[in-house]
Amino acid sequence: MRAGGKVVAVGLPPESMDLSIPRLVLDGIQVVGSLVGTREDLKEAFQFAAEGKVTPKVTKRPLRDINAIFDEMKAGTIRGRMVIDLGMAK
Numbered sequence: 001m002r003a004g005g006k007v008v009a010v011g012l013p014p015e016s017m018d019l020s021i022p023r024l025v026l027d028g029i030q031v032v033g034s035l036v037g038t039r040e041d042l043k044e045a046f047q048f049a050a051e052g053k054v055t056p057k058v059t060k061r062p063l064r065d066i067n068a069i070f071d072e073m074k075a076g077t078i079r080g081r082m083v084i085d086l087g088m089a090k
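Going by full-length UniProt numbering, the sequence shown opens with residue 1, and the numbers climb by one from there.
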């Protein structure tokens, strides 16, 4: 995050986040929470993705792992998106 930047947390994380308070203060970084975003926020997010500034976390797993995946969902341990790939080796 550059000095003077803003972190917008959209939605609710499954756990707490660690923040460097001295860095926030000294670099003038803002942290804002939001359950919803505006059209401008969405446009900006798509622009970040188009510029390669955002790297999505996507994990692909085979259907045979479905029970373990549901257990991980219940436990809140999945990070990013989980894709069940029906074409993966059985």
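Glycine is no exception: its CB is placed at the ideal position from the N, C-alpha and C atoms.
Its Cα nearest to that of L86, the residue P62 stands out among I78, P62 and A75.
In the structure shown, M88 falls within a coil segment according to DSSP collapsed to helix, strand and coil. When DSSP reads this structure, Q30 sits in a beta bridge with K6. If you draw a straight line from the Cα of A89 to the Cα of F70, it comes to about 20 Å. A distance below 8 Å between beta-carbons, with the five flanking residues on each side excluded, links G37 to the following residues of its chain, in chain order: V8, V10 and A45. Where K60 is concerned, the enclosing beta strand (DSSP E) starts and stops at V58 to P62.
The three-state reading of DSSP puts R81 in strand, counting E and B together. Restricting attention to M82, A49 and I78, the CA atom closest to the CA of E15 is found in I78.
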